Structure formats: structure tokens, C-alpha cells
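Q: The number in my numbering is simply the position in the sequence shown, starting from 1, with 55 added.
Below is a structure I'd like to ask you about.
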Amino acid sequence: MSAQDDTGKPWVFPLDTDPETLEPLDGINRFPAIIPIKRGFRPFRFIGVWGLRLMGWRVLGTLPDRGKFIAILMPHTSNVDFILAVWIFFLFRVDMKYMIKGDVFKFGFGAFLRWTGAIPIERTAAHGQVESAVKAFRDAGDRAILGLTPEGTRSPTPTLKKGFYHIARSADVPLLLVTMHYDRKIIQFGPTIRSDRTWEEVADDIEIFCGQVQGRTRGYLDRVENGWIHRRKRP
């Protein structure tokens, strides 16, 4: 089955072409007007601009032209992913909530993390988290973005966690795949993946695209090629 965007039309994998041909997201005006904005990030925009420039990163791709969706970051292999994500928040002033393990809040960063949109979670209560996230989405009005890492950990894992899929399907919102290509220093938004399909179909789309992505920790591509995404045998 071919991968599809949220309109049902097949999408072409952008990284099959020269990265120079991808459209850069140079400023907040490049985002759809419906994307929720956090005004408190405006004074810190220069941090995002200079942080990404200093490290040589580019931001490419497109976002859904809608106010509610789930952004999934893959692969998540390093704490550096979080630093890059915060720079993106500051650069585009995106008002996005994201879930991270509650242990991180115990090291004196709680106030800062909550200000950037973090929601502490306990991994032992996964079912309740899905229900809470779905309710929050439905009560959020026309604009809400939730960020998740489907792997649930930076370490090698035999399978993706399905929470992001259940939340998106129950809330009837699309999934935006966000990838960080450390070998090319590219942060890419897109493609957008429909959530109104089976888990196997959604996981296939993610697997096809992420097979082109190299995270900060080497070896991720091998894990994808070995079919770890949803525990099915490769042909």
C-alpha cells in the first residue's frame, strides 16, 4: 500500500529528491494562519534563529492547514532532540503541548518545561493518558497541537507504542511526522498521515518514510529494516 496524505492522495517522499529543492520554513508567516501561536515565545525567537544557524540546521517541509493535529517525532534517539525542538518552538512561536516522563520535572526544570508546553506523564498509566489526551483535544476548541514520541524512549525498542495512534483516531485528527536528519542537519515537517485507517496501515507509512532518516544515535535504520515497528515478520 502506498503512503497517503490527509486528503487521501498518495504523497511523494520529499527526501527522494535533492534536499535543496524542498521548501524552507523561514519564518512564522510560512505557517498556516490557523496554527496556534504562543505570544510568550516572541522575545526568545532570536534564540531559535541563532541556535539553528550556529549549528547549521535547516527547517523544511509543510504543516497541515488545520488547527488540530498530533505531531510525532521520529526517531527519538538523544536528548539533543529536545534542544532542537525548543529552538523550533521559539523560532515559530508554536503553541504545542507535548508529553514527557514525569521524572524530568524532579530536577528543577519543571517551571521551564511547563512554560514550553510540557505535560508530565507516568508511564505506568498509559490507558488513562490516552483518555485524558482525547478529552483535552475535544475540549480545546478549534486549535490544539500535541507532540509525542511514539517510541516512548531514546533506547532501542522492539515496537512503537500505539498511544499516539489511539489518541489521533479517537480525536479524529491527522498525524504530522516530524523527523530530524542528523546526517543532513535537516528538521523536516511532513508528510501528514491520516489516522482513520488501521494501525498496520499507519505503521507501514511511518516505516516507509523513517527508513530514510538517520537519528543522532547511529543504528536506527537497522532497527527499522528489521521490522520492529509493529511486530510483523518481513517478507
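The C-beta atom is built at its ideal place from N, Cα and C for all residues, glycine as well.
The model shown is predicted, which means the values in this text are computed figures rather than measured ones.
Hey, quick one: how far does the beta strand (DSSP E) through His-221 stretch, first residue to last?
A: In the sequence shown, the residue the question calls residue 221 occupies position 166. Run containing His-221: none in the beta strand (DSSP E); it sits in the alpha helix (DSSP H), 218-226.
Q: Just the Cα atoms here: how many angstroms apart are Thr-76 and Asp-120?
A: Locating residue 76 in the sequence shown gives position 21, where the first residue counts as 1. Locating residue 120 in the sequence shown gives position 65, where the first residue counts as 1. Its pLDDT being 46, under 50, Thr-76 is placed unreliably in this model, and the value from its coordinates should be taken loosely. Their Cα atoms are separated by approximately 21 Å.
Q: Can you check DSSP and say which residues form a bridge with Gln-243?
A: On the sequence shown, position 188 is the one that residue 243 refers to. Answer is Leu-115 and Thr-234, bridged to Gln-243.
Q: Do you know how far the Cα of Leu-118 is from the Cα of Leu-201?
A: Stepping through the sequence shown from its first residue, residue 201 is reached at position 146. Stepping through the sequence shown from its first residue, residue 118 is reached at position 63. Answer to the nearest angstrom: the Cα atoms are 14 Å apart.
Q: Taking C-alpha atoms, which residue in Ser-187, Gly-103, Leu-231 and Val-114 lies nearest to Cys-265?
A: Your numbering for residue 265 matches position 210 in the sequence shown. Of the listed residues, the one whose Cα sits closest to Cys-265 is Leu-231.
Q: Return the chain-ordered list of same chain residues with a C-beta closer than 7 Å to the C-beta of Lys-217, the five sequence neighbours on each side being excluded.
A: The residue labelled residue 217 in the question sits at position 162 within the sequence shown. The residues are Trp-254.
Q: For Val-268, name the three-state secondary structure that DSSP assigns.
A: Locating residue 268 in the sequence shown gives position 213, counting from the first residue. It is coil, neither helix nor strand.
Q: With a cut-off of 8 Å, do at least 3 Cβ pairs link the stretch 218-227 to the stretch 107-118?
A: The answer is no - the stretch 107-118 does not touch the stretch 218-227, with fewer than three Cβ pairs under 8 Å.
Q: Restricting to Cα atoms, I'd like to know which of Val-135, Phe-124 and Asp-136 is closest to Gly-229.
A: Locating residue 229 in the sequence shown gives position 174, where the first residue counts as 1. Looking at the sequence itself, residue 229 is Pro, so the reference to Gly does not match. When each option's Cα is compared against that of Pro-229, the closest is Phe-124.
Q: Checking 7 Å against the spacing of the C-beta atoms, do Phe-145 and Phe-96 come in under that value?
A: Numbered from 1 along the sequence shown, position 90 holds the residue referred to as residue 145. Numbered from 1 along the sequence shown, position 41 holds the residue referred to as residue 96. Going by C-beta atoms, Phe-145 is nearer than 7 Å to Phe-96.
Q: Please work out which residues of its chain come closer than 6 Å, Cβ to Cβ, to Gly-291, disregarding the five sequence neighbours upstream and downstream, and give them in chain order.
A: Nothing about residue 291 can be reported from this structure: the residues present for the chain run from 56 to 290 only.
Q: Please name the residue, chosen from Ala-188, Lys-240, Ser-133 and Asn-134, that lies closest to Tyr-153 on a Cα-to-Cα basis.
A: Taking the first residue of the sequence shown as position 1, residue 153 is located at position 98. Taking only the C-alpha atoms, the option nearest Tyr-153 is Ala-188.
Q: Does the Cβ of Ala-140 have 16 or more other Cβ atoms within 10 Å, making it buried, or fewer, making it exposed?
A: In the sequence shown, residue 140 corresponds to position 85, counting from 1. That one is buried.
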